[in-house]
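Take any residue in the sequence shown, note its place counting from 1, add 324, and you have its number in my numbering. Note that the Cβ used here is the ideal one computed from N, Cα and C, for glycine as well. Predicted model, so just to flag it, every value in this text is computed and none were measured. Working notes for the structure below.
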Amino acid sequence: MQMLTVVGRIVFVGFIYLFLLRILTVMLADLRSKGIMSKTESDLGCIEVLSGAEKLPKGRKIKIDSRGLSIGRGKHNDIVVPDHYCSLDHAEFKHNRGMTTLEDVGSTNGTWVNGERINSQVQLVSGDFIKIGSITFLYSRWGNESS
325 MQMLTVVGRI
335 VFVGFIYLFL
345 LRILTVMLAD
355 LRSKGIMSKT
365 ESDLGCIEVL
375 SGAEKLPKGR
385 KIKIDSRGLS
395 IGRGKHNDIV
405 VPDHYCSLDH
415 AEFKHNRGMT
425 TLEDVGSTNG
435 TWVNGERINS
445 QVQLVSGDFI
455 KIGSITFLYS
465 RWGNESS
């Protein structure tokens with residue numbers, strides 16, 4: 325009888341630990357899904373300037389993190405493109421759950437991915453070419469580069 329009581333207590337404590345572990349994993353998944361805690365830096369995106377301008381030189385790499393990036397001619401954008409073919413508010417990069425997307429936000433001359441004009445949000449994959457105005461970018465995964 326005493327042995328049964330001891331085994332019952334051990335099983336009960338084991339269930340409590342399993343319950344607490346489940347709560348912690350759910351909380352961690354929720355933080356990652358909201359972008360508060362990213363899995364790893366390699367999950368983030370990166371764009372490299374292939375053909376640039378004076379203020380946006382060729383070879384510059386820009387990290388796309390969970391906050392995303394706005395791009396356009398206006399000074400309030402994260403990336404200011406000094407190009408008269410680029411609208412004041414041209415496009416937005418968004419990063420969520422390990423995926424980077426690009427959306428044109430009503431530009432006049434359009435946003436182009438791999439030679440095709442986009443009309444809705446597009447998921448980017450490594451190797452995609454992005455053209456905004458006369459500036460061309462190459463999308464890839466972030467690999468500990470400095471921006």
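In or out: residue i buried (at least 16 other Cβ within 10 Å) or exposed?
i      : result
Asp428 : buried
Phe343 : exposed
Glu416 : buried
Phe336 : exposed
Ser471 : Note that Ser471 scores 40 on pLDDT, short of 50, meaning its location in the model is unreliable and no value can be drawn from it.
Ile459 : buried
Determine the contact status of residue i and residue j, defining contact as a CB-CB distance below 8 Å.
i      : j      : result
Lys387 : Cys370 : yes
Arg384 : Val373 : yes
Asp452 : Asn443 : no
Leu412 : Gly398 : yes
Short of 6 Å in beta carbon distance, which residues of its chain neighbour residue i, apart from the five on each side in sequence? Order them along the chain.
i      : result
His414 : Ile395, Gly396, Ser431, Ile456
Thr425 : Lys418, Gln445, Gln447
Arg441 : Gly434
Ser464 : Cys370, Ser450
Asp402 : Leu393, Ser394
In the DSSP assignment, find the beta strand (DSSP E) that holds residue i and state where it starts and stops.
i      : result
Trp466 : Element bounds for Trp466: n/a, residue is neither H nor E.
Leu426 : 423-428
His414 : Element bounds for His414: n/a, residue is neither H nor E.
Lys399 : Unbroken run through Lys399: none, as it is neither H nor E.
Thr435 : 435-437
Measuring only from the beta carbon, is residue i closer than 7 Å to any heavy atom that is part of the ligand HEM?
i      : result
Gly338 : Here there are no bound small molecules, and the ligand HEM is not part of this structure.
Looking only at its chain, what residues have a beta carbon closer than 7 Å to the beta carbon of residue i, apart from the 5 residues adjacent to it on each side?
i      : result
Phe461 : Ile371, Glu372, Val373, Leu374, Ile454
Excluding sequence positions up to five away, which residues of its chain have a Cβ less than 8 Å from the Cβ of residue i?
i      : result
Glu378 : Pro406
What are the uninterrupted segments assigned as beta strand (DSSP E) that are 3 or more residues long and contained completely in the segment 327-382, given in chain order?
-> Runs of the beta strand (DSSP E) inside the segment 327-382: 369-375.
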